[in-house]
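Undergrad: Just so you know, the numbering used here puts the end of the sequence shown at 131, numbered straight through with nothing missing.
Idealized CB from N, CA, C, for every residue including glycine.
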Amino acid sequence: SGLLKACEKRPIPLEKIEALADQLEREIVRESDREISSVEIGEKVMHLLHDFDEVAYVRFASVYRSFKDLNQFMKELRDILDSKSRTTKSK
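(1) Could you tell me the distance, in whole angstroms, from the CA atom of M86 to the CA atom of S130?
(2) Quick one: using the 10 Å Cβ neighbour count with 16 as the cut-off for buried, is I68 buried or exposed?
(3) If you draw a straight line from the alpha carbon of E75 to that of K49, how long is it in whole angstroms?
(4) According to DSSP, is R105 part of a helix, a strand, or is it coil?
(5) State buried or exposed for R70, treating a residue as buried only when at least 16 other CB atoms are found within 10 Å of its CB.
(6) Rounded to a whole number of angstroms, what is the C-alpha to C-alpha distance between S78 and L64?
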């Protein structure tokens with residue numbers, strides 16, 4: 041439900057969200073030799089969303105990481121922008 045909420049009102053077809061959820065499930069099953077905590081699952085969702093849709097990522101991260109103040113939120117946004125800038129420069 042968190043994944044759906046993060047992608048709400050974004051131009052993302054439901055099929056792509058379902059594919060992302062399926063990818064996450066495959067990763068978890070691959071690591072099924074041990075119990076996977078909800079924290080690890082949340083981190084995996086954030087990692088997948090980071091490359092999938094930046095706005096959905098920030099939405100999910102803002103709830104998941106429970107930003108304590110605006111500075112934490114702004115740091116996360118700066119990290120995204122820096123990452124995007126590095127990617128653009130390397131092309």
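TA: The structure says:
(1) Within the sequence shown, numbered from 1, the residue matching residue 86 stands at position 46. Within the sequence shown, numbered from 1, the residue matching residue 130 stands at position 90. Each residue's Cα considered, the two are about 23 angstroms apart.
(2) The residue labelled residue 68 in the question sits at position 28 within the sequence shown. The residue in question, I68, is exposed, as its Cβ has fewer than 16 Cβ neighbours within 10 Å.
(3) Start at 1 with the first residue of the sequence shown, and residue 75 comes out as number 35. Start at 1 with the first residue of the sequence shown, and residue 49 comes out as number 9. Those two C-alpha atoms are separated by around 33 angstroms.
(4) Within the sequence shown, numbered from 1, the residue matching residue 105 stands at position 65. R105 falls in the coil class under three-state DSSP.
(5) To locate residue 70, count along the sequence shown from 1; it is residue 30. Per the 10 Å Cβ criterion, exposed.
(6) Counting from 1 along the sequence shown, the entry for residue 78 is found at position 38. Counting from 1 along the sequence shown, the entry for residue 64 is found at position 24. Straight-line Cα distance between these residues: approximately 13 angstroms.
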